[in-house]
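Scroll down for the structure; my scribbles are underneath it.
There are 2 protein chains.
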Amino acid sequence: MKNLKGACMFGQSGGPTSVINSSAAGVFTEALKQGNITAVYGAEHGIVGILGEKFFDISKEDPKEIELLKYTPSSALGSARYKLKDADVDDTDYKRILEVFKKYDIRYFFYNGGNDSMDTCNKISKYLQSVGYDCNVIGVPKTIDNDLYGTDHCPGYASAAKYIANTIMECNLDAKVYNFGCVCIIEIMGRNAGWLTAAAALAGYKGLGADLIYLPEVPFDMAKFLASVKNVCEKNDNKCIVAVSEGLRFADGTYVSEAKASANDTFGHAQLGGLAQVLASVVKEKLGVKVRPIELSLLQRCGAHLASKTDVEEAFNAGVFAVKSACAGETDKMVIFERTTDDKGNYACKNVLMPLELAANTEKKVPLDWITADGSYVSEDFIEYALPLIQGDSKAPLEDGLPRFARLKKVYANLD
Amino acid sequence: MKNLKGACMFGQSGGPTSVINSSAAGVFTEALKQGNITAVYGAEHGIVGILGEKFFDISKEDPKEIELLKYTPSSALGSARYKLKDADVDDTDYKRILEVFKKYDIRYFFYNGGNDSMDTCNKISKYLQSVGYDCNVIGVPKTIDNDLYGTDHCPGYASAAKYIANTIMECNLDAKVYNFGCVCIIEIMGRNAGWLTAAAALAGYKGLGADLIYLPEVPFDMAKFLASVKNVCEKNDNKCIVAVSEGLRFADGTYVSEAKASANDTFGHAQLGGLAQVLASVVKEKLGVKVRPIELSLLQRCGAHLASKTDVEEAFNAGVFAVKSACAGETDKMVIFERTTDDKGNYACKNVLMPLELAANTEKKVPLDWITADGSYVSEDFIEYALPLIQGDSKAPLEDGLPRFARLKKVYANLD
Numbered sequence: 002m003k004n005l006k007g008a009c010m011f012g013q014s015g016g017p018t019s020v021i022n023s024s025a026a027g028v029f030t031e032a033l034k035q036g037n038i039t040a041v042y043g044a045e046h047g048i049v050g051i052l053g054e055k056f057f058d059i060s061k062e063d064p065k066e067i068e069l070l071k072y073t074p075s076s077a078l079g080s081a082r083y084k085l086k087d088a089d090v091d092d093t094d095y096k097r098i099l100e101v102f103k104k105y106d107i108r109y110f111f112y113n114g115g116n117d118s119m120d121t122c123n124k125i126s127k128y129l130q131s132v133g134y135d136c137n138v139i140g141v142p143k144t145i146d147n148d149l150y151g152t153d154h155c156p157g158y159a160s161a162a163k164y165i166a167n168t169i170m171e172c173n174l175d176a177k178v179y180n181f182g183c184v185c186i187i188e189i190m191g192r193n194a195g196w197l198t199a200a201a202a203l204a205g206y207k208g209l210g211a212d213l214i215y216l217p218e219v220p221f222d223m224a225k226f227l228a229s230v231k232n233v234c235e236k237n238d239n240k241c242i243v244a245v246s247e248g249l250r251f252a253d254g255t256y257v258s259e260a261k262a263s264a265n266d267t268f269g270h271a272q273l274g275g276l277a278q279v280l281a282s283v284v285k286e287k288l289g290v291k292v293r294p295i296e297l298s299l300l301q302r303c304g305a306h307l308a309s310k311t312d313v314e315e316a317f318n319a320g321v322f323a324v325k326s327a328c329a330g331e332t333d334k335m336v337i338f339e340r341t342t343d344d345k346g347n348y349a350c351k352n353v354l355m356p357l358e359l360a361a362n363t364e365k366k367v368p369l370d371w372i373t374a375d376g377s378y379v380s381e382d383f384i385e386y387a388l389p390l391i392q393g394d395s396k397a398p399l400e401d402g403l404p405r406f407a408r409l410k411k412v413y414a415n416l417d
Numbered sequence: 002m003k004n005l006k007g008a009c010m011f012g013q014s015g016g017p018t019s020v021i022n023s024s025a026a027g028v029f030t031e032a033l034k035q036g037n038i039t040a041v042y043g044a045e046h047g048i049v050g051i052l053g054e055k056f057f058d059i060s061k062e063d064p065k066e067i068e069l070l071k072y073t074p075s076s077a078l079g080s081a082r083y084k085l086k087d088a089d090v091d092d093t094d095y096k097r098i099l100e101v102f103k104k105y106d107i108r109y110f111f112y113n114g115g116n117d118s119m120d121t122c123n124k125i126s127k128y129l130q131s132v133g134y135d136c137n138v139i140g141v142p143k144t145i146d147n148d149l150y151g152t153d154h155c156p157g158y159a160s161a162a163k164y165i166a167n168t169i170m171e172c173n174l175d176a177k178v179y180n181f182g183c184v185c186i187i188e189i190m191g192r193n194a195g196w197l198t199a200a201a202a203l204a205g206y207k208g209l210g211a212d213l214i215y216l217p218e219v220p221f222d223m224a225k226f227l228a229s230v231k232n233v234c235e236k237n238d239n240k241c242i243v244a245v246s247e248g249l250r251f252a253d254g255t256y257v258s259e260a261k262a263s264a265n266d267t268f269g270h271a272q273l274g275g276l277a278q279v280l281a282s283v284v285k286e287k288l289g290v291k292v293r294p295i296e297l298s299l300l301q302r303c304g305a306h307l308a309s310k311t312d313v314e315e316a317f318n319a320g321v322f323a324v325k326s327a328c329a330g331e332t333d334k335m336v337i338f339e340r341t342t343d344d345k346g347n348y349a350c351k352n353v354l355m356p357l358e359l360a361a362n363t364e365k366k367v368p369l370d371w372i373t374a375d376g377s378y379v380s381e382d383f384i385e386y387a388l389p390l391i392q393g394d395s396k397a398p399l400e401d402g403l404p405r406f407a408r409l410k411k412v413y414a415n416l417d
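Residue numbers (the numbering used here), protein chains in the order written: chain A, 2 to 417; chain B, 2 to 417.
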């Protein structure tokens, strides 16, 4: 526990979310207040910007624009997908980071991201310790996938879940409007964890959900899937809505989205589209019904106009807490969320610290006992878990009828 | 001009929009007030419900739910895609409609839809006239495509345009977030008219739009398209956003979305996905860059959470105006919108009547002089046209953090 004086560096990493900039706003707002922090830098494209000595002087930004970051989707500083090698294999990047940190007297380092980013953050933290460079390092969680270990949930998840639930409610009304049926297959992000796809059940809780929900936690069985769709179609005039996780796999571990034409051509022809297209093609061929594949794509992770106010505030608070913790001498930790209740017994969220190495590269999946026995829906446990997270609306102010997102000046810091 | 006393029938037809139910709310609210209207019926699945004698008694609905229709997407009564034959070829359906109208003493008929629906409405109007059955018939316009003849714009268009502009702004931030590039191809509805795709320029007006915009009004040239994408990629680190209308066609009239592998395989392999996938595949093959096809699909026409308040109000007013006009003795007309200015010189919209036959089956396209010479963007004229239409926010109240859409009781009217 060391109380340090020096500059702080913040970076954003991995896939964007609707609220990662809210965490940035929290970090910046708090860091600009702290007497021990002599300068606040924002790395352009995360670790790539640190290596390339490309980062912005946040003190040059208008406080109003920092406030607007709360409502601005994607990573305002730019993101990266850059994996650091182990330091004992190749320490080139680490030496460079140390060089840059020394040059700019970086004594606080905050890195905002998911599993891979926490791995990066952890490696840097451990390296700096190993060479005896004093720097308080705190990871700030972020991922729409909600798969970070140790935390009740992750900033970014709730807003994506709210977007998905709202969108499925609207699609439900649209897809069932005619006097003829349609099987609508909605593909949702999530390679290994089904948290996002499970959000379809929130729409179901409001009576306008998907009839069937398939998560990657359970091996996918095409025959059972077709039987379930057929069953819904028979009951509902061929009207059926299915929510599927992009990462669905067969029992043999191969992705359903990559199902190719086989010798017997069991599952239709090879598809260049994603999972929804593969499944739509199979349903069309096997059941002879009208189909409509829909991929929510980027929209679900950047739909800040449908963000959860709870999520936006929690993301901001996580940034503030990270800075306060570091300034109090904490290091080598990640901020996590503990679910608690306020004095009225309502949902509340408490910030806690966890050792950084626990967060790195581990994945938290949807508990198997939250998935129904036939693997085609989720239980009430999920609703209880997710519903408090999506409460409240949050969106950017309007200008010309469209969102007024933050516009940063992005003035490069330069000591040369 | 006849002032009639009797029941009124309202039907919704064609593709849903975010505001077609707002017109229903306008018709119902006004019709329930009018002394000359003895009963208010809503046809289930439009003309199909009339033929099948399946319609709801709207007086049984809670006024609060009728109010919520303003914020509820899709067609609450159910829609249809049913084309009436010409009465002189086969008058079976017309005789049946007359029979039902007589049985329920229908003296007011309001039909809400686009080109095809106005054709249906016109045919019924002319038939009822030809057999001397007194019934005041008024068409209420609706189409996200904005392609109805005679009206400045159509209810439903502005909300879809607002959804598209907002979504492209968000996707722009997301797709350009990394330190490596991606060509993002966004497919927007519109078979023959490019009004919806042009809405991408509204996002561009706010600095977060598409680099290239292709409308179906101009024949598509793959070589020119590839050259333009390449040019943007070279300038912007391979970051390029393209908005395309689903109905793009080559000069020979064939749809680009149906481009098949040819002997020389010029445009890549046959695709089972839509246009965005075809173009993404070609760009990937020819330019060797990362691509991401996105199809806005149903989301753009049912995204009521991003509706334009202006659109919602105009749609409601169109319904009210239709009823008032019919009760004043007007018939065989469609409601259209005339653009005007209020006493402060701001945009205003005036309801006017136009002969129904003028609206039937004609299409209004984006003026060619609003499209740039190279066919890859739209001019400032479009911004001036569209910007006033997307002003103001409108969305359903929240319940459990999700929209509380109208829940109609749907009590069948039954005289048997």
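Heads up, the beta-carbon is just placed ideally off N, CA and C, and yes, glycines get one too. Note that the coordinates shown come from a computational prediction; the quantities given were computed from them, not determined experimentally.
Give me the chain A residues within the contact set of residue i, using Cβ-Cβ distance strictly less than 7 Å, ordered along the chain.
{"i": "Pro404/B", "result": "Asn167 and Met170"}
{"i": "Ala176/B", "result": "Leu299"}
{"i": "Lys411/B", "result": "Going along chain A, no residue has its Cβ under 7 Å from Lys411/B, so there is no contact; the nearest lies around 13 Å."}
{"i": "Lys163/B", "result": "Gly402"}
Spell out whether any CB of chain B is found under 9 Å from the CB atom of residue i.
{"i": "Ala194/A", "result": "no"}
{"i": "Gln35/A", "result": "no"}
{"i": "Thr437/A", "result": "An answer regarding residue 437/A cannot be provided, because it is not within the stretch 2 to 417 covered by chain A."}
{"i": "Pro64/A", "result": "no"}
{"i": "Thr267/A", "result": "No answer about Thr267/A holds up, because its pLDDT of 43 lies below 50 and its placement is not dependable."}
{"i": "Cys234/A", "result": "no"}
{"i": "Pro156/A", "result": "no"}
{"i": "Pro17/A", "result": "yes"}
{"i": "Ser76/A", "result": "yes"}
Beta-carbon separation of residue i and residue j under 9 Å?
{"i": "Pro398/A", "j": "Leu69/A", "result": "yes"}
{"i": "Ile125/B", "j": "Leu85/B", "result": "yes"}
{"i": "Gly43/A", "j": "Phe11/A", "result": "yes"}
{"i": "Arg293/A", "j": "Ile384/A", "result": "no"}
{"i": "Ser75/A", "j": "Ile295/B", "result": "no"}
{"i": "Asn123/B", "j": "Leu5/B", "result": "no"}
{"i": "Ser24/A", "j": "Val141/A", "result": "yes"}
{"i": "Ala252/B", "j": "Pro220/B", "result": "yes"}
{"i": "Arg192/A", "j": "Pro17/A", "result": "no"}
{"i": "Tyr158/A", "j": "Thr363/A", "result": "no"}
Rounded to whole angstroms, how far is the Cβ of residue i from the Cβ of residue j, which I believe are closer than 8 Å?
{"i": "Ala316/A", "j": "Val20/A", "result": "4 Å"}
{"i": "Cys439/B", "j": "Val290/B", "result": "Outside the displayed range of chain B (2 to 417) lies residue 439/B, so it cannot be described from this structure."}
{"i": "Ala166/B", "j": "Leu203/B", "result": "4 Å"}
{"i": "Phe127/B", "j": "Gly330/B", "result": "Correcting the residue identity first, residue 127/B is Lys in this sequence and not Phe. Contact doesn't hold; Cβ gap of about 18 Å is too wide."}
Could one say the Cβ of residue i lies closer than 9 Å to chain A's Cβ atoms, at least one of them?
{"i": "Ala8/B", "result": "no"}
{"i": "Ala262/B", "result": "No answer about Ala262/B holds up, because its pLDDT of 41 lies below 50 and its placement is not dependable."}
{"i": "Ile295/B", "result": "yes"}
{"i": "Leu209/B", "result": "yes"}
{"i": "Leu273/B", "result": "Note that Leu273/B scores 47 on pLDDT, short of 50, meaning its location in the model is unreliable; the coordinates nonetheless yield the value given after this. It does: the Cβ of Leu273/B has a partner Cβ on chain A nearer than 9 Å."}
{"i": "Cys185/B", "result": "yes"}
{"i": "Tyr1/B", "result": "Outside the shown range of chain B, which is 2 to 417, sits residue 1/B, and nothing can be said about it."}
Taking Cβ-Cβ distances shorter than 8 Å, what residues in chain A pair up with residue i?
{"i": "His306/B", "result": "Asn167, Glu171, His306 and Leu307"}
{"i": "Cys303/B", "result": "Glu171, Cys172, Leu174 and Asp175"}
{"i": "Leu419/B", "result": "Residue 419/B cannot be examined here, being either before or after the span of chain B that is shown, 2 to 417."}
Given that residue i touches chain B, what residues does it touch there, using C-beta distances under 7 Å?
{"i": "Asn180/A", "result": "His46, Val49, Gly79 and Ala81"}
Just the chain A side, please: which residues come within less than 9 Å of residue i by C-beta, in chain order?
{"i": "Gly393/B", "result": "Leu399 and Gly402"}
Taking C-beta pairs closer than 7 Å, name the residues in chain D that residue i reaches, listed in chain order.
{"i": "Leu203/B", "result": "Protein chains A and B are contained in the structure displayed, whereas chain D is not."}
Examine the Cβ distances between the region 174–190 of chain A and the region 38–54 of chain A and report whether three or more of them are shorter than 8 Å.
Below 8 Å, too few C-beta pairs join the region 174–190 of chain A and the region 38–54 of chain A to call them touching: fewer than three.
Please confirm if the region 403–412 of chain A is in contact with the region 113–130 of chain B, defined as three or more CB-CB distances below 8 Å between the two stretches.
No, the region 403–412 of chain A is not in contact with the region 113–130 of chain B.
I'd like to know if the region 316–335 of chain B and the region 92–102 of chain B are in contact, where contact means that at least 3 CB-CB pairs between them fall below 8 Å.
Fewer than three beta-carbon pairs drawn from the region 316–335 of chain B and the region 92–102 of chain B are found closer than 8 Å, and the two stretches are therefore not classed as touching.
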